[in-house]
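Visitor: Going line by line, the protein sequences match chains A and B. Converting from the first sequence to the numbering used here requires adding 25 to each position, the first position being numbered 1. Position 88 (the second sequence) corresponds to 79 in the numbering used here; numbering is contiguous. We put the CB at the ideal spot given by N, CA and C, even for glycine.
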Amino acid sequence: MNRREFLHMLSIASAAGMALPLDVARAEQSAEALYDAPAFGNVSLLHITDCHAQLRPIYFREPNVNIGVGSMAGHPPHVVGEAFLKQFGIAPKTRLAHAFTYLDFERYAPLYGKVGGFAHLATLIKRLRASRPGALLLDGGDTWQGSGAAMWTKGQDMVDAAKMLGVDAMTLHWECTYGQDRVKEVAEKDFAGHIDIVAQNIKTQDFGDLVFKPYVMRVVNGVKVAIVGQAFPYTPIANPRYMVADWTFGIQEEGMQKSVDAARGEGAQVVVMLSHNGMDVDLKMASRIRGVDAILGGHTHDGMPAPTIVDNPGGKTLVTNAGSNGKYVGVLDFDVKDGKVSDFRYRLLPVFANLLPADAEMAALVAKTRAPFEEKLGEKLALSEGLLYRRGNFNGSFDQIILDALIAEKDAEIAFSPGFRWGTTILPGEPITMENVLDQTAITYPYVTLTQMSGAQIKQVLEDVCDNLFNADPYYQQGGDMVRVGGMQYSCDPTAGIGKRIGDMTLKGKTIEADKTYKVAGWAPVAETARDAGAESIWDLVARNLRARKTVATPQLNLPKLKNVDGNPGLAT
Amino acid sequence: MTTLPTTSRRGFLRGASALGLAVSALAALPRLALAAWNKAAFDAKALPDAYKAMGVENPTASADVQLIASDIAENGAVVPVQAISKIPNTTQISFLVEKNPNTLAALFDIGPDMLPDVTTRLKMGQTSNVIALVKADGKYFTATKEIKVTLGGCGG
Chain A
26 MNRREFLHML
36 SIASAAGMAL
46 PLDVARAEQS
56 AEALYDAPAF
66 GNVSLLHITD
76 CHAQLRPIYF
86 REPNVNIGVG
96 SMAGHPPHVV
106 GEAFLKQFGI
116 APKTRLAHAF
126 TYLDFERYAP
136 LYGKVGGFAH
146 LATLIKRLRA
156 SRPGALLLDG
166 GDTWQGSGAA
176 MWTKGQDMVD
186 AAKMLGVDAM
196 TLHWECTYGQ
206 DRVKEVAEKD
216 FAGHIDIVAQ
226 NIKTQDFGDL
236 VFKPYVMRVV
246 NGVKVAIVGQ
256 AFPYTPIANP
266 RYMVADWTFG
276 IQEEGMQKSV
286 DAARGEGAQV
296 VVMLSHNGMD
306 VDLKMASRIR
316 GVDAILGGHT
326 HDGMPAPTIV
336 DNPGGKTLVT
346 NAGSNGKYVG
356 VLDFDVKDGK
366 VSDFRYRLLP
376 VFANLLPADA
386 EMAALVAKTR
396 APFEEKLGEK
406 LALSEGLLYR
416 RGNFNGSFDQ
426 IILDALIAEK
436 DAEIAFSPGF
446 RWGTTILPGE
456 PITMENVLDQ
466 TAITYPYVTL
476 TQMSGAQIKQ
486 VLEDVCDNLF
496 NADPYYQQGG
506 DMVRVGGMQY
516 SCDPTAGIGK
526 RIGDMTLKGK
536 TIEADKTYKV
546 AGWAPVAETA
556 RDAGAESIWD
566 LVARNLRARK
576 TVATPQLNLP
586 KLKNVDGNPG
596 LAT
Chain B
-8 MTTLPTTSRR
2 GFLRGASALG
12 LAVSALAALP
22 RLALAAWNKA
32 AFDAKALPDA
42 YKAMGVENPT
52 ASADVQLIAS
62 DIAENGAVVP
72 VQAISKIPNT
82 TQISFLVEKN
92 PNTLAALFDI
102 GPDMLPDVTT
112 RLKMGQTSNV
122 IALVKADGKY
132 FTATKEIKVT
142 LGGCGG
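1) Straight-line CA distance for A:Ile252 to A:Trp272?
2) Along the stretch 86 to 101 of chain B, what residues have a CB closer than 9 Å to any CB found in chain A?
3) Select from A:Val354, A:Gln79, A:Val306 the residue whose C-alpha is nearest the C-alpha of A:Thr333.
4) Pull up the CB-CB distance for B:Ser119 and B:Val72, whole angstroms please, since I reckon it's below 8 Å.
5) Can you give me the C-alpha to C-alpha distance between A:Ala539 and A:Gln230, rounded to a whole angstrom?
6) So the candidates are B:Lys90, B:Ile101, B:Asn80; which of them puts its Cα closest to the Cα of B:Val164?
7) Give the secondary structure of A:Glu278 by DSSP, where H, G and I count as helix, E and B as strand, and everything else as coil.
8) Pull out every residue of the stretch 549 to 571 of chain A whose Cβ sits closer than 8 Å to any Cβ of chain B, in chain order.
9) For A:Val297, count neighbouring C-beta atoms within 10 Å of its own C-beta (all shown protein chains included) and say buried if the count is 16 or more, exposed if not.
10) Quick check: A:His123 and A:Asp167, are their CB atoms within less than 8 Å of each other?
11) Tell me the rounded alpha-carbon separation between A:Gly524 and A:Pro102.
12) Can you give the Cα-Cα distance for B:Gly154 and B:Val70, rounded to whole angstroms?
13) A:Thr598: which of A:Ser349, A:Phe85, A:Ser69, A:Val90 sits nearest, CA to CA?
14) Would you mind telling me which residues of chain B sit closer than 7 Å to A:Val486, beta carbon to beta carbon, in chain order?
15) Run through DSSP, which three-state label would A:Tyr470 get?
16) Taking A:Leu571 as the reference, give the member of A:Glu404, A:Thr126, A:Ile527, A:Ala558 with the closest Cα.
17) I believe A:Ala194 touches A:Val245 by the beta-carbon criterion, under 8 Å. Please report the beta-carbon distance rounded to the nearest angstrom.
18) Note down, one range per segment and in chain order, each alpha helix (DSSP H) of at least 4 residues found wholly within the stretch 400 to 479 of chain A.
19) Assuming B:Leu98 and B:Ala41 make a contact with CB atoms under 8 Å, what is their CB distance in whole Å?
20) Give me the Cα-Cα distance between A:Gly141 and A:Ala378, rounded to the nearest whole angstrom.
21) Please compile the residues from chain D whose C-beta is within a distance smaller than 9 Å of the C-beta of A:Asp206.
22) Kindly list the residues whose CB is nearer than 6 Å to the CB of A:Ala41, restricted to its own chain and excluding five residues on each side of it in sequence; keep chain order.
23) Does A:Pro102 get closer than 8 Å to chain B when you measure Cβ to Cβ?
24) What does A:Arg266 touch in chain B if you count any residue whose Cβ is under 7 Å from its own?
25) DSSP state of A:Ile150, grouped into three classes?
26) Select from A:Val295, A:Glu460, A:Glu410, A:Phe419 the residue whose C-alpha is nearest the C-alpha of A:Ser367.
27) List the residues of chain A that B:Ile59 touches, going by C-beta distances under 7 Å, in chain order.
28) If the cut is a Cβ gap below 9 Å, which residues of chain A does B:Asp55 touch?
29) Per DSSP, what kind of secondary structure is A:Ser156 in: helix, strand or coil?
30) Quick one: is A:His326 buried, meaning 16 or more other Cβ sit within 10 Å of its Cβ, or exposed?
31) What is the residue span of the beta strand (DSSP E) that B:Asn120 lies within?
32) Indicate whether the contact test is met: 3 or more Cβ pairs, each with one atom in the stretch 571 to 584 of chain A and one in the stretch 464 to 479 of chain A, closer than 8 Å.
33) Taking the DSSP output, what are the residues bridged to A:Ile320?
34) Determine the DSSP secondary structure at B:Ala13, reduced to helix, strand or coil.
35) In the structure shown, what three-state DSSP assignment does A:Thr531 receive?
36) For A:Met183, which residues in the same chain have their Cβ closer than 6 Å to its Cβ, ignoring the five residues on either side in sequence?
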């Protein structure tokens, strides 16, 4: 083969979306170098967050839409694709570019393989601990929810895995959807003497007493390190309030400042906030709270290769976010001299399963906890012709499957599906298993609803959720994505205020009228009455629909017409 | 570090709720005792009307008035709010909810030996500005905060 023929073959392979020989060479070169993160300083913190109960390796496609508005526009985490690579100085078409962006996902995913998985994570954690004696392992929460097995064991599989992994402290969000009694049970029994749950912002409704420790103090190489917990502030709003009926949450800046001051008063030379606020909220909080060296953040699932450094009246605070689904480990090394942090290094390491041999002990635990469920999880429901993913501000191809199923099975005109950010990715040509469906739907309030809604009510719902995503003040955001919408079309101006973002609502080409009623299907209702209605679970509905379809063509995403965001680096098409 | 709740205190208060009737009878007393119930102020349907009925003129926003409340209400029917005044000679603290059907939600007279620090729970039908209004030496000072009331769901 001469050079011309070779190039021609390459172009054909490229057009077909196949991995090129060049890609393979590049992948091999970079394999070992990835985890050679030299140790630095004397205090190291390892950070995982939002693994959403993914015990085994998965694929996870990062978003191509993550729009920031107001002062957040164009700043991390609101950069995607090429803009992301440019922002963080990552070379395109590399292993890291694949880890951190959606770019050419279908081409690179088979090449670089799956990410995460607790057996591989355990190997990496052990390796990092060996080079960083005394390092603490912190878990930002959303650990017990996100898979069928976790749901069926009320998070027990994850509780056991977190203990084996050696987590030192964690904070909470979705854990609370197993109910406050279950969380207390784990805290007082399983975790006793192993893992501290920290949350300065969870208090009792009646007296405002703290439910958990606001912070814990650990000594690392002779240095006192305080870990202050910040649970997801809007748990009783974004999830059913009845599950945490006796607890109150909120951002609670005053309480945070008090906890930080108390920790400093106790002699902490390093104070770190383990946060489930979401990155925009963390950035604002970092600008207002004094005395925090770093905020290790989660919730918004932003895999940020470098921290944002925020100025505040007390000095500077690093803000990180460590992605989701077990895909990354954040490594923060502090050099503490003369009683304070003098320098740092930070890396967000992608966990490539095929570069990290499985830890035998953890692999055995995962296999054991899954065993009773393997048969049910393994059921092949249909074949997917396209790439299925969820993450993105407005819709994902797996969400479209859920919307299509809701409309078909409930004979609805319109369907709504919540804008969750968890949920794994399926490559073209792979079967869709029951496990995959549960990865997108496994919650403790999975009820399918069918409601007659007026056009005015529909508009109000869309405006309300959109404000939770695009309010110019991060403290009024809840950190999910926009509700996914099937059946109807609309336009959205993220830069407008509440009541003015949603427009051009149509159904099959006809304007949706404010006083006319429409048949709307949905799931995940937060009202207590919905729990008692005994409705079908969403995964049963989707599974039934997929079994009948057998083969699923690439879904056509129903997306709103976006206004006033042209050129926003949080938007790529 | 704050101490964690003890069951004994909660148990004691649960026992005390058996005396509920007696407690609620007592709770009715302050209104009877109040020299002048400002009916016009509590009936006002808009902020300017409430201010007028209360005799408030030119209230000034002050950093010495602190309004502590969540940014988003966990339950619009029960929204905890706290107001603290650092202004000397504070004699009154009120809470006003701009978009409630009745604007003035609560009014506390502060005696000379009382700390000007009050907490109550408001009912809110929709997202609104909430105002903590402090009276000191006959002058009025405010702190304002928007509290969002949302449908919920869809987070995370």
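Guide: In this structure, then:
1) Against the first sequence, residue 252 of chain A aligns to sequence position 227. Against the first sequence, residue 272 of chain A aligns to sequence position 247. Going by the C-alpha atoms only, they are around 22 Å apart.
2) none
3) Here residue 333 of chain A refers to the residue found at position 308 of the first sequence. Ranking the options by Cα distance to A:Thr333, first place goes to A:Val306.
4) The residue you call residue 119 of chain B lines up with position 128 of the second sequence. The residue you call residue 72 of chain B lines up with position 81 of the second sequence. Their Cβ separation, rounded to whole angstroms, is 12 Å, which puts B:Ser119 and B:Val72 out of contact at 8 Å.
5) Translated into positions along the first sequence, residue 539 of chain A becomes position 514. Translated into positions along the first sequence, residue 230 of chain A becomes position 205. Going from the Cα of A:Ala539 to the Cα of A:Gln230 covers about 38 Å.
6) Here chain B has residues from -8 to 147 only, and residue 164 of chain B is not among them.
7) Within the first sequence, the letter at position 253 stands for residue 278 of chain A. Looking at A:Glu278 - three-state DSSP - the assignment turns out to be helix.
8) Ala549, Pro550, Val551
9) Along the first sequence, one-based indexing puts residue 297 of chain A at 272. It is buried - the Cβ of A:Val297 has at least 16 other Cβ atoms within 10 Å.
10) Position 98 of the first sequence, counted from the first residue, corresponds to residue 123 of chain A. Position 142 of the first sequence, counted from the first residue, corresponds to residue 167 of chain A. Using a Cβ distance threshold of 8 Å, A:His123 and A:Asp167 do not count as a contacting pair.
11) Here residue 524 of chain A corresponds to residue number 499 of the first sequence, with the count starting at 1. Here residue 102 of chain A corresponds to residue number 77 of the first sequence, with the count starting at 1. Approximately 26 Å, taken between the alpha carbons.
12) Nothing in the structure corresponds to residue 154 of chain B, since chain B is present only between -8 and 147.
13) Mapped onto the first sequence, residue 598 of chain A falls at position 573. Minimum Cα distance to A:Thr598 is reached at A:Val90.
14) Against the first sequence, residue 486 of chain A aligns to sequence position 461. Going along chain B in sequence order, the residues near A:Val486 (Cβ under 7 Å) are Leu142.
15) Taking the first residue of the first sequence as position 1, residue 470 of chain A is located at position 445. DSSP places A:Tyr470 in coil when its eight states are reduced to three.
16) Within the first sequence, numbered from 1, the residue matching residue 571 of chain A stands at position 546. Nearest option by C-alpha distance: A:Glu404.
17) By one-based count along the first sequence, residue 194 of chain A stands at place 169. By one-based count along the first sequence, residue 245 of chain A stands at place 220. Not really, about 13 Å apart at Cβ, beyond 8 Å.
18) Every alpha helix (DSSP H) stretch that sits fully inside the stretch 400 to 479 of chain A and reaches 4 residues is listed by chain position as 422 to 435, 459 to 466.
19) Translated into the one-based positions of the second sequence, residue 98 of chain B becomes position 107. Translated into the one-based positions of the second sequence, residue 41 of chain B becomes position 50. 10 Å between Cβ atoms; not a contact.
20) Residue mapping note: residue 141 of chain A aligns to position 116 of the first sequence, counting from 1. Residue mapping note: residue 378 of chain A aligns to position 353 of the first sequence, counting from 1. If you take the alpha carbons of A:Gly141 and A:Ala378, they lie about 6 Å apart.
21) Of the protein chains in this structure, namely A and B, none is chain D.
22) Numbered from its first residue, the first sequence carries residue 41 of chain A at position 16. With a pLDDT of only 48 at A:Ala41, under the threshold of 50, the placement of this residue in the model should not be trusted, and no figure is reported.
23) Taking the first residue of the first sequence as position 1, residue 102 of chain A is located at position 77. So no, A:Pro102 is outside the interface.
24) Position 241 of the first sequence, counted from the first residue, corresponds to residue 266 of chain A. Chain B residues near A:Arg266: Glu65, Asn66.
25) Residue 150 of chain A sits at position 125 when you count from the first residue of the first sequence. Correct three-state label for A:Ile150: helix.
26) Residue 367 of chain A sits at position 342 when you count from the first residue of the first sequence. The candidate whose alpha carbon is nearest that of A:Ser367 is A:Val295.
27) Numbered from its first residue, the second sequence carries residue 59 of chain B at position 68. Under the 7 Å cutoff, chain A gives Glu279.
28) The sequence position of residue 55 of chain B within the second sequence is 64, counting from 1. In chain order: nothing, as chain A lies at least about 16 Å away.
29) As a position in the first sequence, residue 156 of chain A is number 131, starting the count at 1. If DSSP states are grouped into helix, strand and coil, A:Ser156 belongs with the helices.
30) Start at 1 with the first residue of the first sequence, and residue 326 of chain A comes out as number 301. It is buried - the Cβ of A:His326 has at least 16 other Cβ atoms within 10 Å.
31) Counted from its first residue, the second sequence places residue 120 of chain B at position 129. In this chain, the beta strand (DSSP E) harbouring B:Asn120 covers 119 to 127.
32) no
33) Reading the first sequence from its first residue, position 295 is the one you call residue 320 of chain A. DSSP, once it has assigned bridges, lists A:Met298, A:Val344 as partnering A:Ile320.
34) Stepping through the second sequence from its first residue, residue 13 of chain B is reached at position 22. Residue confidence is low: B:Ala13 scores 39 on pLDDT, short of 50, so the model does not pin down where it sits. Its coordinate-derived value is still stated next. B:Ala13: helix per DSSP, three-state reduction.
35) Looking up residue 531 of chain A in the first sequence gives position 506. In the three-state DSSP reduction, A:Thr531 falls in the strand class (E or B).
36) Along the first sequence, one-based indexing puts residue 183 of chain A at 158. If we look at A:Met183 and ignore the five residues flanking it on each side, its Cβ neighbours are Ala78, Thr168, Trp169, Ala175.
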